[in-house]
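Comments concern the structure below.
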Amino acid sequence: MSPRMSEKELLSKIAELPREISPARDPWSGIAAAIENSPARAGSAKLATNWWLRAAAASVVLAFTAGLVLKSPFGENTLSTEVLVSSEPESTTLETVEFENSNMPGLLSTVDAEYLAAFREFISVEDSHNSLAPQTIEKIELGWADLRVTEEALAVALEQNPGDLFLNERMLELRARQLGFLKQLVSLDRNNRRLTI
Amino acid sequence: MASWEAKTSDHDDESGLVERAVSGDRLAFEKLYRLHRNRIYGLVWRLCGGDGALAEDLLQESFIRAWQKLDSFRGDSKFGTWLHKLSANVALSDRRSRIRRLEREVVLDGAAERGATGEKDVYAGDRMDLEKAISRLPERARTVLVLYDIEGYSHAEIAEISGMAVGSSKAQLHRARNLVREELDK
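Protein chains in written order, with my numbering: chain B, 52 to 248; chain X, 6 to 191.
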């Protein structure tokens with residue numbers, strides 16, 4: 052049986068509904084109390100947003116520095132780099148990936164694109180870091196300044212010598228580790244979200 | 006004097022309030038709350054099926070979340086639009102809200118509960134039956150009808166907020182409208 056009221060009539064009635072309704076109780080006091088307890092959040096928002104990037108970067112700083120010291124710029128014809136492939140935060144596994152040197156700059160741009168895509172995906176999820184201890188965050192942030200210097204220096208060097216095997220090799224390592232770390236962060240974020248729903 | 010008034014007016018406009026709130030000014034944030042409270046309450050009240058106590062909780066939660074996420078407001082849209090979407094997300098992802106909605110689909114005697122919630126003005130006159138019919142809709146159908154027909158969201162936006170496919174959103178809207186019309190015919 053079809054309804055007697057036409058859809059047009061219904062939509063007309065719906066259009067008359069008020070968009071604004073007054074609550075019986077004003078919950079501002081509860082809001083004020085809650086935001087009073089998180090006074091620094093809005094003011095230090097940029098810092099909070101950026102720390103994941105710092106975390107990702109910090110994960111590569113030691114390995115990257117070691118790579119700069121230990122690896123010869125004139126080495127083998129293939130590059131072996133360790134890529135973090137596990138999506139489980141607690142159990143990181145390492146996998147060796149072989150790259151051909153001849154196509155290194157192209158490969159690097161592909162890896163860069165993948166890294167940026169993963170980073171964008173990560174940016175779209177938020178707030179899982181709320182539960183991390185301040186000292187953990189602090190530890191992660193400590194490595195950031197060193198990493199930025201290294202990463203920026205490498206980027207400048209690569210811009211001047213895009214075909215340089217050694218520089219490409221280092222950047223590939225950097226990106227691979229960043230990518231692996233981001234995957235873990237995304238996984239951690241999703242797990243946290245599942246737990247909070 | 007005129008320049009002072011102009012300055013004050015600039016400061017009190019919404020973007021000025023948002024800017025001040027982002028820098029940690031709670032007074033500015035309270036003004037934003039006062040500006041948008043009833044609009045957001047209307048949204049979450051309908052999304053949670055007309056449960057006043059729950060809607061007040063959701064209203065509170067929405068503004069707390071907004072304060073926490075102010076840094077992510079980029080100014081691409083109006084603050085009210087951003088806040089509205091955030092509040093819809095809060096209401097749709099709230100566990101209590103989901104449970105209550107499911108319960109209400111089984112227990113349809115909502116009149117007594119609503120009588121105690123304080124929204125008597127909403128239920129005054131001709132609107133009463135329509136609000137009641139909307140509140141009795143199944144969860145997904147009500148979500149789509151409230152967001153599309155009342156709040157003016159597109160199906161793509163509803164899909165993004167609710168996690169359902171665009172096609173499902175269209176189907177749910179069709180279903181919701183039919184159910185409401187049938188309810189109003191009784």
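Ideal placement from N, C-alpha and C gives every residue a C-beta, glycine not left out. Treat the numbers as computed from the prediction; the structure is a model and nothing was measured.
For the region 77–99 of chain X, the beta-carbon criterion of a distance under 9 Å to any beta-carbon of chain B is satisfied by Ser77 and Ser98.
Here the region 154–164 of chain X does not lie against the region 80–88 of chain X, with fewer than 3 beta-carbon pairs under 8 Å apart. For the pair X:Asn94 and B:Ile72, the CB atoms are not nearer than the 8 Å cut-off.
For X:Ser92, the enclosing alpha helix (DSSP H) has its first and last residue at Phe84 to Ser98. Relative to X:Tyr46, the option among X:Phe34, X:Ser67 and X:Ala71 whose CA is nearest is X:Ser67.
The continuous alpha helix (DSSP H) containing X:Val185 extends over residues Val171 to Asp190. Taking 8 Å as the CB threshold, X:Ala60 lines the interface with chain B. Nearest CB-CB separation between B:Lys64 and chain X: below the 8 Å threshold. When 7 Å is used as the limit between beta carbons, B:Pro213 is near no residue of chain X, the shortest such separation being about 33 Å. With a 10 Å radius around the Cβ and a threshold of 16 neighbouring Cβ atoms, X:His89 comes out buried. Distance from the CA of X:Ser173 to the CA of B:Glu58, rounded to the nearest whole angstrom, comes to 19 Å.
Per DSSP, the unbroken alpha helix (DSSP H) holding X:Phe34 starts and ends at Arg31 to Leu52. Taking 8 Å as the cut-off, the beta carbon of X:Leu184 is found closer than this to the beta carbon of X:Leu142.
The three-state reading of DSSP puts X:Tyr153 in helix, counting H, G and I together. Counting along the chain, the unbroken alpha helix (DSSP H) around X:Ala58 starts and ends at Gly57 to Gln73. Here the C-alpha atom of X:Ser92 lies approximately 8 Å from the C-alpha atom of X:Leu63.
Judged by their CB atoms, B:Pro69 and X:Glu61 are not nearer to each other than the 8 Å cut-off. Just so you know, the alpha carbons of X:Lys137 and X:Glu144 end up roughly 14 Å apart.
Judged by their CB atoms, X:Asp76 and B:Arg55 are not nearer to each other than the 8 Å cut-off. At a cut-off of 8 Å between beta-carbon atoms, B:Arg226 makes no contact with chain X. Distances from the CA of X:Gly29 to each of B:Glu220, B:Ala206, B:Asn88 and B:Leu225 were compared; the closest alpha carbon is that of B:Asn88. Within 10 angstroms of the beta-carbon of X:Arg39 lie fewer than 16 other beta-carbons, which makes it exposed. Around the beta carbon of X:Ala170, fewer than 16 other beta carbons lie within 10 angstroms, which makes this residue exposed. Contact check for B:Ile65 against X:Asp154 passes: the beta carbons are separated by less than 8 Å. Residue contact check for X:Leu189 against chain B: a CB pair falls below 8 Å. Rounded to the nearest whole angstrom, the C-alpha separation of X:Val49 and X:Gln65 is 11 Å.
In this structure, the straight-line span from the alpha carbon of B:Glu224 to that of B:Leu209 is close to 14 Å. A Cβ of chain B is located within less than 8 Å of the beta carbon of X:Gln65. At least one CB of chain B lies nearer than 8 Å to the CB of X:Val185. Measuring C-alpha to C-alpha distances from X:Lys74 to each of X:Ala146, X:Leu59, X:Gly55 and X:Val23 identifies X:Val23 as the nearest.
Nearest CB-CB separation between X:Glu35 and chain B: below the 8 Å threshold.
For B:Gly214, the secondary structure class from DSSP, reduced to helix, strand or coil, is coil. Under the three-state reduction of DSSP, X:Ser77 is assigned to helix. Residues of the region 144–156 of chain X with a Cβ closer than 7 Å to any Cβ of chain B, in chain order: Asp154 and Ile155. Shown here, X:Ser20 sits in a helix according to DSSP, grouped into three states.
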